[in-house]
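Q: Structure below; questions to follow.
Numbering (the working numbering), first residue to last: -18 to 269.
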């Protein structure tokens, strides 16, 4: 008996599936290796004192509490400034703006903002918030600078989440006499909330890992206390990691890896938080 020939379409499908699996493995394995290396090398430095004390001896002793708290303050300030503007811009571009050359130009500019190097945002923040508005080298200047950088992500994710809401829902709401704003407020935004929250949390996690922008607008290497106001300088984990790894002679390697591990945990925690919030919000919406 002759073996049945496999159809060309099925062979193409198998080949494409195999290429996708190989590409996924190529991407995932280096990430897992990096994470595993950070965990193995940094776990020995993690202790209660390391997480709750201020640094001393140029970071060679003590802990990293001011850097952890400063990072959380920075992320909170970033989302406070970026999220409302990003959501409102997404609503306007999706629901109110006409499809003309100006709207297309604005959309193109928003997409290009995501590709601007982070140091450019830092220089922008230095010129506008530090020098022009006289906020000084401070937590406020850094938060506003990172908020400008996060706007592209928040606007884009808000637009995509709003566009994903079925058009029939909007038409049905308008048909029963609701205004456009009532439709957006009570129907569109609740439906788009999982995507909006995910974009906001991802923007926060990206802010947690930025070094170049905060380097020129307010981050300091060694501050024994916590910032008492938005106009104080602050410590942040990415800048602290950069400094102890590159500019402090004799720094114990375990300390460097320990700072990297804490930063990794902070970023991954917010990514996991985004996933949990999205799933719970979607489940609550389906059960409603």
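Glycine included, C-beta positions come from ideal geometry on N, C-alpha and C.
So, at 7 Å on beta carbons, what are the nonlocal neighbours of residue 207 in its own chain, with the 5 sequence-adjacent residues on each side left out?
A: For residue 207, where only same-chain residues beyond five positions count, the Cβ hits under 7 Å are 47, 50.
Q: How far does the alpha helix (DSSP H) with residue 215 in it reach, from first residue to last?
A: Run containing residue 215: none; DSSP gives neither H nor E here.
Q: Let me know the secondary structure DSSP gives residue 36 once reduced to three states.
A: Three-state DSSP puts residue 36 in a strand.
Q: If contacts are defined as beta-carbon pairs under 8 Å, then residue 136 and residue 91 qualify, I think. What distance do you get, rounded to the angstrom?
A: Confirmed, about 5 Å.
Q: What's the gap between the Cα of residue 156 and the Cα of residue 77?
A: If I take the Cα positions, the gap works out to 18 Å.
Q: How long is the line joining the alpha carbons of residue 218 and residue 126, rounded to whole angstroms?
A: Each residue's Cα considered, the two are about 17 Å apart.
Q: Check for me: the alpha helix (DSSP H) holding residue 75 runs from which residue to which?
A: Note, residue 75: premise wrong, no alpha helix (DSSP H); not H, not E.
Q: Go ahead and pull the three-state DSSP assignment for residue 180.
A: Looking at residue 180 - three-state DSSP - the assignment turns out to be helix.
Q: Just checking my contact of residue 132 with residue 86 at CB under 8 Å: how many whole Å lie between their CB atoms?
A: 16 Å between Cβ atoms; not a contact.
Q: Leaving out five residues before and five after residue 200 in sequence, what residues of the same chain have Cβ atoms less than 6 Å from its Cβ?
A: Cβ within range, chain order: 217, 220.
Q: Ignore the nearest five residues each way along the sequence and tell me which others in residue 63's own chain have a CB closer than 7 Å to its CB.
A: Once the five neighbours on either side are set aside, the close Cβ partners of residue 63 are 128, 131, 132, 135, 184.
Q: Between the segment 15 to 32 and the segment 233 to 252, can you find at least three pairs of beta-carbon atoms closer than 8 Å?
A: In short, these stretches touch, since the Cβ pair count reaches three.
Q: On the three-state DSSP scale, how would you describe residue 0?
A: Of the three classes helix, strand and coil, the one that applies to residue 0 here is helix, per DSSP.
Q: Just grab the DSSP bridge partners of residue 43 for me.
A: According to DSSP, which records beta bridges pairwise, residue 43 is partnered with 36.
Q: How many whole angstroms separate the CB atoms of residue 273 and residue 123, which I take to be in contact at a CB cut-off of 8 Å?
A: The shown model of the chain, from -18 to 269, leaves out residue 273, and the question about it has no answer.
Q: Since residue 135 is in the alpha helix (DSSP H), which residue starts that stretch and which ends it?
A: Unbroken alpha helix (DSSP H) run through residue 135: 120 to 144.
Q: Return yes when the Cβ of residue 251 is within less than 8 Å of the Cβ of residue 210, no when it is not.
A: Going by C-beta atoms, residue 210 is not nearer than 8 Å to residue 251.
Q: Between residue 56 and residue 189, how many whole angstroms is the CB-CB distance? I'm expecting something under 8 Å.
A: Going by Cβ atoms, the distance from residue 56 to residue 189 rounds to 5 Å, so yes, they are a contact pair.
Q: When the Cα atoms are used, what is the spatial distance from residue 67 to residue 145?
A: About 17 Å.
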